Structures are given as C-alpha cells and as structure tokens.
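Student: Quick one: the structure is below, and I'll ask about it shortly.
There are 2 protein chains.
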Amino acid sequence: MPVQTASKKPAKKNPPVRRNPDASRERILRAATDIFAAQGLDGARVDEIATRAGINKRMLYHYFGNKDDLFAAVLDELYETICTESAALDLVSGSPQSGLRKLVDFVVNFYLENPHAITLLNAENLHKARHLKISERIRAVQLPFETMLNELLMRGVSEGKFRDGVNGARLYISIVGLIYYYLSNGHSLSVFFDRDLFDRTEIAAWRTHIHQMVDRFVAA
Amino acid sequence: MPVQTASKKPAKKNPPVRRNPDASRERILRAATDIFAAQGLDGARVDEIATRAGINKRMLYHYFGNKDDLFAAVLDELYETICTESAALDLVSGSPQSGLRKLVDFVVNFYLENPHAITLLNAENLHKARHLKISERIRAVQLPFETMLNELLMRGVSEGKFRDGVNGARLYISIVGLIYYYLSNGHSLSVFFDRDLFDRTEIAAWRTHIHQMVDRFVAA
DNA sequence: GGCTGAAATAACCAAATAGTTACTTACGAC
DNA sequence: GTCGTAAGTAACTATTTGGTTATTTCAGCC
C-alpha cells in the first residue's frame, strides 16, 4: 500500500527506451539458438525465447515473422558457419596425412565447441531438412569442399601414402558421424557402457580413436 | 431432415462394444511409437495418438498415466528390443572376422528395419536420456554383450587376425555411429552432397563402407 | 522544431492441448 | 442371475501458446 507520491501516471518515471535494432535482432537470434537447441523446434516456447532475449515478444515477430521462420534463421546461421569454416580449411599445404589430420581435428573441434549444432541439426532432420532444402548458398560451398577433399586423397595416392578408391564424401560422412553420434547419443551411451563419455579424458581418447580409424582406412 | 423412424434414443443401434484390453494397450503403443518417432516427444499430440490407435483418449491415460509415461513405455520397449536382439547375437561360433561381419550386419540391419529407433533415441537424448536412466534391465544385458565383444576381439588377436589393443565398446560405438548418423542426418547430407543417400544402392555401398572401415581398423 | 517511420510495449485472443469428470457397458467370478 | 470391476465413451476444462491489436516512444532527417 504505497503511501504517497504515486501519481496516477508518473510523468517520466521509466528510463527512456534505448533503441538498438541490430542488437535486438542479434539477442533474439542468440536466445533462439539456445532454446531451440535445448528443447527442439516443438519444445521451444516463443515466450521463453523472448524472455531470454530480454525483449518484448512482439519484436520477435517484428524481426522474424513467426516461430518457424525464426528457427529457419537460426539454422541458416548455423549452415553459414559450417560452410564458411569448412571453406576456410586449408588441406592443400603440408602432407596429405597432415591434411587429413587437420580435417578430423576441425570436425571434432567444431562439434565440441558448438554443442548447439547437434541438437539443431537433429531437429532439422526430424523435419526432413525442410529448411535446408530451401536455403541457397549451400551448394555453392559444398562442391568446392568435396573437390578439395578428393584432391587431397588423390595426392595421397600419387605420393604412395593412401590407397586408391577412397571416396571423399563417404570419408567425410564417416568422420562427422563418429564424433556426432558420440556426442548426440552420449547420454544413452554413458548409461549403456556405465561411464561418463563427456569426461575430458574419454573425449580425448575418442578423438584419438577417430584419427586411428581414418588413418587405417585410407592407409596404402 | 430425416423424416421418420428417428426415435429420440435408438434402442440398440450401436453394436455392442467388444472389449480387449491387451489389444487396446498394444494399439496405443504402436500408434505412440509411430507418432513419437515422426514428431518427437514435444511435437507429438496425444489426440493424434488416440485417433491413430482408434481408441478413446481416456483409455490412453487409463493404461499409461500420462504423455510422458507413454513415451517412457515406448522407449522401454525399444530398449528391450535392442537388448534382447543384441544378447541373442552369437559372435562366438565361426571365425573372429565372420563374427565381426555378423555384428556389423546386425547393427546395420537393425537401424534399417527399425527407422523408428533413430528418431526415438534422438528425442530421448534431447532430454538427456532421462527415461533410460530410470529404466532397469539395461545394465544386466549390456555387460555380457560388452564382454562377448571383447572376447571376440581377444580371440582374433590370439589367432593372429586382429591387432592388439582394440577397445570393444569404442568399436561398437563406431559401428552404430556410422550407420546411425548416415540415417539420422541423411536428409541434410543428401542436400549437401546432392544425391539421394536413401537410395538402395547408396545404402548398400554404405554398408560395404562400414565393413571396410571396421575390417581395416581391427586388422593385424 | 516538427514530422515520419521504425522500434518497443502491454494487453489481449482464439486455437490447441494435456488431462478430467461423470457416466455407461461388457466381462468374468461366484 | 447378479454384482463388482475394469474397459470404454462423450463432453468438458484449465492452461498454454503462437500470434495480434492498439498504442506509445524514440531517432534521425529536412
């Protein structure tokens, strides 16, 4: 029961609203990434995203249209990141073996450093990758990457380091699959095998394991 | 505008309701499996499950308590299936190599024949495997399985077929990971690599690829 | 200095949705 | 037969939730 000074409509009580469209948009995107990754597309709540972003829900619709388009924007950013960082990889300089090691470490590090990526991609694949199918820009980047990898393998063959007939795309899928499944299903697996697969040393051992599998697979 | 014979409460129009608790329970479980697999835990709708099962929604709560417990029941059945079929595997008879081939084929076939499994396990891992952590029975089956696999590897070593130092659990995770990721993220990957990875011949090639990776990984 | 459009807010709404209530009906034990 | 219980139904509800309406406020431009 406030006693005094409570005028019906306080003249200038609230601090002036600082506007910052870019920052608002960015904060929404960050919050959406977090929450979509944690809860999935259907589990995520628009209100929760708005609260986490510290903005009014209306702004979310202002900037992104609707929930699905916001999810698409989150995914688009993720695809962008993957494509950019993959394209920036230099597999050419150095020996073929070191190129391959570099690729494995990049992939492993990427999913370790971007845990969001896994649940987001899972959500996307639950919906049969319908957002990716619309998105452009992917084909433009993926083709050069596949070519670069195949060239690395061919160079290894001609240098007598790698055997012939290794398919670049399949090798790449294998590398990603090995780290992705380990992290994606780590909770189940930890129960099954009765150890904590997210422990630092376990993860380090797994990285070594992937290197071994790849090395032995391509070895001449 | 019906003209006649429409008595206010038709005496025995509807055929007597045939009761069949076991069948009802089973139909609910089938429908729930389908829909949880297709939409995830949060995306699935209780009403849709009830409709698909052809039962009244109330029965779903009668038999399973609530949505989450129904999901747990679906998962429990899946874990049961995986455990039973894994335990039934005979890796002992025959050569170590053939035992390993048998294991790979079993895992690959299992996920090809049970596409539900992948999305259900993904949904479970999105929730940090909280249902599995409660479920008993797993540890009882998994330990013998791990032991069996390690024995297979040791036999291969003593027969001079396999190299020493291969970890059974890691090998198993690798095998599952290779097929699981391929199928789980096949939609994304198909866009990325601009081909249909769910095509029969692509899948056959992938199976061969997994065999090669495993063979080369354990080879002496 | 005032005008205009974008940025921001609060309150609201209709549809969807998990879960219930109150009731009826078949089945099997006795 | 009849009686208690579990199987089954229809209609309902409290809440959640994605999306909107109506309105205000700031920032930059002329």
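So the protein lines, in turn, are chains V and E.
Residue numbers are given in the working numbering: position 84 of the first sequence equals residue 84, and the series is strictly consecutive.
Residue numbers are given in the working numbering: position 182 of the second sequence equals residue 402, and the series is strictly consecutive.
Glycine included, every Cβ here is placed at the ideal spot set by N, Cα and C.
Computed from a predicted model, the values in this text were never measured in an experiment.
Would you call the stretch 120-130 of chain V and the stretch 29-42 of chain V touching, i.e. three or more CB-CB distances under 8 Å?
Tutor: With a cut-off of 8 Å, the stretch 29-42 of chain V and the stretch 120-130 of chain V count as touching, because enough Cβ pairs lie within range.
Student: I'd like the span of the alpha helix (DSSP H) that includes residue 354 of chain E, first residue to last.
Tutor: It spans 350-354 - the alpha helix (DSSP H) in which residue 354 of chain E sits, taken as one unbroken run.
Student: With a threshold of 8 Å between beta carbons, is residue 401 of chain E in contact with chain V?
Tutor: Yes, because at least one Cβ of chain V sits closer than 8 Å to the Cβ of residue 401 of chain E.
Student: In chain order, what residues of the same chain lie with their CB nearer than 6 Å to the CB of residue 32 of chain V, ignoring the 5 residues before and after it?
Tutor: The residues are 49, 70, 74.
Student: Buried or exposed for residue 418 of chain E, going by 16 or more other Cβ atoms inside 10 Å?
Tutor: Exposed.
Student: Which one or two residues does DSSP pair with residue 270 of chain E in a beta bridge?
Tutor: None, per the DSSP bridge assignment.
Student: For the alpha helix (DSSP H) holding residue 307 of chain E, just list the boundary residues, first then last.
Tutor: Start and end: 287-308.
Student: For a contact defined as C-beta to C-beta under 8 Å, what are the partners of residue 429 of chain E on chain V?
Tutor: 167, 170, 174, listed in chain order.
Student: Closer than 7 Å between beta carbons: that is the criterion. Which residues of the stretch 93-124 of chain V meet it against chain E?
Tutor: Of all residues in the stretch 93-124 of chain V, 119, 121, 122, 124 have a Cβ within less than 7 Å of some Cβ in chain E.
Student: Are the C-beta atoms of residue 405 of chain E and some chain V residue less than 8 Å apart?
Tutor: Judged by the 8 Å Cβ criterion, residue 405 of chain E is in contact with chain V.
Student: Candidates V/169, V/180, V/151: which alpha carbon is nearest residue 393 of chain E's?
Tutor: Residue 393 of chain E has its Cα closest to that of V/180, out of V/169, V/180, V/151.
Student: Looking only at DSSP bridge pairs, what is residue 382 of chain E linked to?
Tutor: Residue 382 of chain E pairs with E/439.
Student: Tell me, please, whether the CB atom of residue 213 of chain V is closer than 8 Å to any CB atom in chain E?
Tutor: Chain E contact via Cβ: present.
Student: Are three or more beta carbon pairs between the stretch 366-374 of chain E and the stretch 142-155 of chain V nearer than 8 Å?
Tutor: These segments do not touch.
Student: Consult DSSP for residue 223 of chain E and reduce its assignment to one of helix, strand or coil.
Tutor: Here residue 223 of chain E scores only 35 on pLDDT, less than 50, and its place in the model is too uncertain to base an answer on.
Student: Alpha carbon to alpha carbon, how far is residue 403 of chain E from residue 332 of chain E?
Tutor: Whole-angstrom Cα-Cα distance: 8 Å.
Student: Against chain V, does residue 397 of chain E count as a neighbour if the rule is that its beta carbon must be under 8 Å from one of theirs?
Tutor: Closer than 8 Å to some Cβ of chain V, the Cβ of residue 397 of chain E qualifies, so yes.
Student: Suppose the cutoff is 7 Å on Cβ atoms and the five residues either side in sequence are ignored; what does the same chain contact list for residue 274 of chain E look like?
Tutor: Within the same chain, residue 274 of chain E has close Cβ partners 247.
Student: Check whether the stretch 102-109 of chain V and the stretch 56-67 of chain V touch, using three or more Cβ-Cβ pairs below 8 Å as the test.
Tutor: Taking 8 Å as the limit for Cβ pairs, the verdict is that the stretch 56-67 of chain V does not touch the stretch 102-109 of chain V.
Student: Starting from the beta carbon of residue 471 of chain E, find every residue of chain V whose beta carbon is closer than 9 Å, and list them in chain order.
Tutor: It is not possible to answer for residue 471 of chain E, since the shown part of chain E is limited to 221 through 440.
Student: Can you give the Cα-Cα distance for residue 188 of chain V and residue 379 of chain E, rounded to whole angstroms?
Tutor: Those two C-alpha atoms are separated by around 34 Å.
Student: Residues of chain V with CB closer than 7 Å to the CB of residue 349 of chain E, please, in chain order.
Tutor: Near residue 349 of chain E (Cβ distances below 7 Å), the residues of chain V are 187, 188, 191.
Student: Please work out which residues of its chain come closer than 6 Å, Cβ to Cβ, to residue 83 of chain V, disregarding the five sequence neighbours upstream and downstream, and give them in chain order.
Tutor: So the qualifying residues of the chain are 141.
Student: Residues of chain E with a CB under 8 Å from the CB of residue 146 of chain V: which are they?
Tutor: Under the 8 Å cutoff, chain E gives 413.
Student: Which residues in the same chain have their Cβ closer than 8 Å to the Cβ of residue 192 of chain V, if we skip the five residues on either side of it in sequence?
Tutor: If we look at residue 192 of chain V and ignore the five residues flanking it on each side, it has no Cβ neighbours.
Student: For residue 410 of chain E, collect the residues of the same chain with a Cβ closer than 8 Å to its Cβ; drop the 5 residues on either side in sequence, then sort them by chain order.
Tutor: Within the same chain, residue 410 of chain E has close Cβ partners 416, 417, 418.
Student: Taking only the alpha-carbon atoms, compute the straight-line gap between residue 315 of chain E and residue 438 of chain E and give it to the nearest angstrom.
Tutor: Each residue's Cα considered, the two are about 14 Å apart.
Student: If you draw a straight line from the alpha carbon of residue 34 of chain V to that of residue 68 of chain V, how long is it in whole angstroms?
Tutor: Straight-line Cα distance between these residues: approximately 15 Å.
Student: Would you list, in chain order, the members of the stretch 29-45 of chain V that have their beta-carbon closer than 9 Å to a beta-carbon of chain E?
Tutor: The stretch 29-45 of chain V vs chain E, Cβ under 9 Å: 38, 39, 40, 41, 42, 43, 44.
Student: Write down the C-beta distance between residue 178 of chain V and residue 406 of chain E rounded to the nearest angstrom, noting that I regard them as a contact closer than 8 Å.
Tutor: The Cβ separation is near 16 Å, so there is no contact.
Student: Would you mind working out which of V/132, V/109, V/24, V/57 sits nearest residue 72 of chain V, comparing C-alpha positions?
Tutor: Nearest option by C-alpha distance: V/132.
Student: Along the stretch 369-383 of chain E, where does the CB come closer than 9 Å to a CB of chain V? Name the residues.
Tutor: Taking 9 Å as the Cβ-Cβ cut-off against chain V, none of the residues of the stretch 369-383 of chain E qualify.
Student: Between which two residues does the alpha helix (DSSP H) containing residue 137 of chain V stretch?
Tutor: It is not in any alpha helix (DSSP H) - residue 137 of chain V carries neither H nor E in the DSSP assignment.
Student: Please return the same chain residues whose Cβ sits closer than 8 Å to the Cβ of residue 163 of chain V, not counting the five positions on each side in sequence.
Tutor: 157, 218, 219, 220, listed in sequence order.
Student: Taking Cβ positions only, does residue 138 of chain V come closer than 8 Å to chain E?
Tutor: Closer than 8 Å to some Cβ of chain E, the Cβ of residue 138 of chain V qualifies, so yes.
Student: Rounded to whole angstroms, what is the Cα-Cα separation between residue 87 of chain V and residue 79 of chain V?
Tutor: About 12 Å.
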